[in-house]
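Numbering (the numbering used here), first residue to last: 4 to 581.
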């Protein structure tokens with residue numbers, strides 16, 4: 004096995020940080036040790052795990068499953084079935100004997116677990132060697148954590164006497180710009196909240212309620228809830244999280260309505276109503292084509308991982324500028340099969356899958372629509388890409404190299420899952436630069452098929468930084484590094500960047516955008532070119548396996564060719580006689 008010092012990690016970060024305080028970077032890397040046995044890896048997978056509330060990286064345990072999981076190796080080319088991503092960012096590889104291609108893709112399911120968050124998974128589908136990337140967004144268990152595309156309510160005002168609610172109660176999430184959806188729980192007087200075993204709750208009740216809208220909110224729904232119909236966006240109408248408990252820890256699974264009431268409406272029949280309202284403009288605009296749509300509702304219980312259908316044929320109606328669907332528990336108009344619920348102790352995610360009544364139909368498949376992205380800049384440019392349509396909103400930050408890059412939407416958004424899309428509906432793909440400039444294109448005929456072109460937005464306001472970082476022994480003819488460094492070994496490290504102190508997604512510096520790299524027995528040189536905001540603090544992260552380190556540096560006021568010459572001592576390398 005080869006010995007390789009993680010100096011390449013430092014140099015890659017240095018190469019991407021114009022005007023670096025290299026001593027600060029060196030200090031940040033003091034915890035890196037000598038790495039044994041790094042070899043060339045043809046396919047490297049780079050991943051981040053982030054908090055849906057803050058955008059910050061989350062330390063998580065990653066486990067791998069799927070038919071191709073045995074092909075996963077760590078940075079030392081050893082097979083692994085799980086990795087502790089202690090910093091929330093990780094790289095691993097595919098064994099070189101497995102060569103991914105469009106005809107023979109490598110498919111892997113990555114599952115992330117972290118304390119204080121709901122477990123979630125991401126399906127990776129790798130069709131070529133080189134770089135692949137993924138992002139897993141973890142939703143906090145606490146409903147008080149703010150998340151884009153959601154609203155929440157935490158209430159302790161509901162009281163029972165002898166197990167029965169004494170007054171009508173309404174608990175609802177606020178309507179705000181952060182989300183296009185609202186959820187409300189209406190409990191009539193005389194209702195008895197019941198546990199899964201049928202026992203009544205007692206005393207003061209705590210209610211936790213969160214609504215996920217059908218646009219950006221769907222990205223924060225844990226994968227166990229989203230996969231109700233085997234598709235990533237099963238919750239086309241939206242989703243609600245609900246948990247009601249008493250002081251003893253008993254949790255509601257169903258409600259028994261007051262005696263003597265009957266009627267076709269939930270409130271008239273004495274039922275408890277859980278109502279979702281969505282003002283998703285794309286979904287509302289598509290409503291006339293759906294001919295009396297309904298929703299099929301599934302319930303994911305995080306405590307045991309069950310995801311069971313609990314209702315079907317729930318009418319989806321238009322109320323002004325919003326679509327509304329209502330679940331009814333108990334009473335004469337009950338439409339929920341509470342007996343199908345799993346373990347409700349950690350609450351329930353209810354997802355609402357759209358079923359058109361006629362006219363428009365739902366099509367299911369991967370995001371195979373091909374996009375030709377044109378970047379007239381001479382350097383790689385980062386942009387945030389967003390795909391928006393009825394019940395679907397995907398977002399991803401990605402670096403695009405000069406010239407024309409052709410990607411499927413699945414590759415652009417690093418998401419190989421299957422999606423359900425409304426036939427004939429309008430879907431818009433937008434690229435937004437760090438300056439806020441944007442360009443859009445219509446995705447037609449569908450995100451699942453066809454092709455389109457997209458121009459990158461103007462790079463006015465960005466500066467191009469061409470950076471070269473080199474180091475060599477003082478006497479390269481007669482000296483060499485005490486450890487072996489090879490050009491191939493430089494592929495084992497990765498770098499990510501974003502504007503410092505922001506909730507922007509971390510962007511991977513892809514292997515194709517590094518213009519030159521070379522390692523000899525006595526020197527290392529890496530060159531890269533990036534378009535970035537001038538005079539702006541950027542956070543850069545170098546990653547080797549499950550180790551990473553971060554440095555924050557301000558870009559120069561103008562773009563420049565920046566050459567950095569280092570001595571081996573700057574990065575902890577020692578030269579010795581040949």
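Note that beta-carbon positions come from the ideal geometry of N, C-alpha and C, so glycine has one too.
Next item on the list: Please name the residue or residues paired with residue 87 in a DSSP beta bridge.
Entry: In the DSSP output, where bridge partners are listed per residue, residue 87 has 64.
Note to self: Given a cut-off of 8 Å on the beta-carbon distance, is the pair residue 81 and residue 111 in contact?
What the structure shows: The answer is no: Cβ separation not under 8 Å.
Next item on the list: For residue 410, write down the residues that DSSP places opposite it in a beta bridge.
Entry: For residue 410, DSSP records a beta bridge to 374.
Check: Under the three-state reduction of DSSP, which class applies to residue 515: helix, strand or coil?
Finding: Three-state DSSP puts residue 515 in a helix.
Next item on the list: Look at the alpha carbon of residue 167 and the alpha carbon of residue 205, and state the distance between them as a whole number of angstroms.
Entry: About 8 Å.
Next item on the list: Rounded to whole angstroms, what's the CA-CA distance from residue 59 to residue 212? Just pull it up for me.
Entry: In this structure, the straight-line span from the alpha carbon of residue 59 to that of residue 212 is close to 24 Å.
Checklist line | For residue 457, the three-state DSSP class (helix, strand or coil) | finding: In the structure shown, residue 457 falls within a strand segment according to DSSP collapsed to helix, strand and coil.
Note to self: Quick check on the DSSP output: what are the complete beta strand (DSSP E) runs of length 3 or more inside the segment 173-253, in order along the chain?
What the structure shows: With a minimum length of 3 residues, the continuous beta strand (DSSP E) runs that stay inside the segment 173-253 are 184-190, 195-197, 207-215 and 241-249.
Note to self: In this structure, how does DSSP classify residue 287 when only helix, strand and coil are distinguished?
What the structure shows: Looking at residue 287 - three-state DSSP - the assignment turns out to be helix.
Check: For residue 152 versus residue 218, is the C-beta distance shorter than 8 Å?
Finding: Closer than 8 Å, so yes.
Next item on the list: Under 6 Å Cβ to Cβ from residue 189, same chain only, skipping five residues before and after it: list those, please.
Entry: Only 173 and 276 meet the Cβ criterion.
Notebook entry, point to check: With contact counted as at least three CB pairs below 8 Å, one residue from each stretch, are the segment 521-541 and the segment 152-161 in contact?
Noted result: The answer is no - the segment 152-161 does not touch the segment 521-541, with fewer than three Cβ pairs under 8 Å.
Margin query: Less than 8 Å between the beta carbons of residue 515 and residue 404, yes or no?
Written below: Taking C-beta atoms as the reference points, residue 515 and residue 404 count as a pair closer than 8 Å.
Next item on the list: Give the C-beta separation of residue 129 and residue 109 to the nearest angstrom, bearing in mind that I take them to be a contact with Cβ-Cβ under 8 Å.
Entry: Confirmed, about 4 Å.
Check: Straight-line CA distance for residue 113 to residue 47?
Finding: Each residue's alpha carbon lies about 15 Å from the other.
Next item on the list: Go through its chain and collect everything with a Cβ distance to residue 89's Cβ below 7 Å, but skip five positions before and after it.
Entry: Excluding sequence neighbours, residue 89 sits near 62 and 549.
Item checked: Sequence-distant residues of the same chain with beta carbon closer than 7 Å to residue 373, five excluded per side -> A distance below 7 Å between beta-carbons, with the five flanking residues on each side excluded, links residue 373 to the following residues of its chain, in chain order: 409, 411 and 454.
Checklist line | Euclidean distance between Cα positions of residue 255 and residue 243 | finding: Each residue's alpha carbon lies about 15 Å from the other.
Notebook entry, point to check: What is the rounded straight-line gap between the Cα of residue 500 and the Cα of residue 176?
Noted result: Spanning the alpha carbons of residue 500 and residue 176 requires a straight line of approximately 35 Å.
Next item on the list: In the DSSP assignment, find the unbroken beta strand (DSSP E) run with residue 451 in it and report its ends.
Entry: No beta strand (DSSP E) holds residue 451; DSSP gives it neither H nor E.
Next item on the list: Determine, using beta-carbon pairs with one atom in the segment 332-349 and one in the segment 391-398, whether at least three such pairs fall under 8 Å.
Entry: Touching, no.
Next item on the list: Enumerate in chain order the residues of its own chain whose CB-to-CB distance from residue 3 is below 7 Å, with the five nearest sequence positions on each side excluded.
Entry: With the chain represented from 4 up to 581, any question about residue 3 goes unanswered, as that position is not in the structure.
Next item on the list: Report the option in 555, 498 and 541 whose CA atom is closest to the CA atom of residue 50.
Entry: Looking at the Cα atoms, 498 is the closest of the given residues.
Next item on the list: Using DSSP bridges, identify the partner residues of residue 359.
Entry: The secondary-structure analysis by DSSP pairs residue 359 with nothing; it has no beta-bridge partner.
Note to self: My output table needs one value for residue 73: the three-state DSSP class, helix, strand or coil.
What the structure shows: Helix.
Note to self: Quick check on the DSSP output: the beta strand (DSSP E) that includes residue 171 runs from which residue to which?
What the structure shows: No residue range can be given for residue 171, since it is assigned to no beta strand (DSSP E) and is classified by DSSP as neither H nor E.
Notebook entry, point to check: Grouping DSSP H, G and I as helix and E and B as strand, with all else coil, what is residue 538?
Noted result: Residue 538: coil per DSSP, three-state reduction.
Next item on the list: Could you have a look at residue 415 and say whether DSSP puts it in helix, strand or coil?
Entry: DSSP places residue 415 in helix when its eight states are reduced to three.
Margin query: Looking at the secondary structure, which residues open and close the beta strand (DSSP E) in which residue 157 lies?
Written below: Counting along the chain, the beta strand (DSSP E) containing residue 157 begins and ends at 153-164.
Checklist line | residue 476, buried or exposed, once every other Cβ within 10 Å from all chains shown has been counted against 16 | finding: Residue 476 should be labelled buried.
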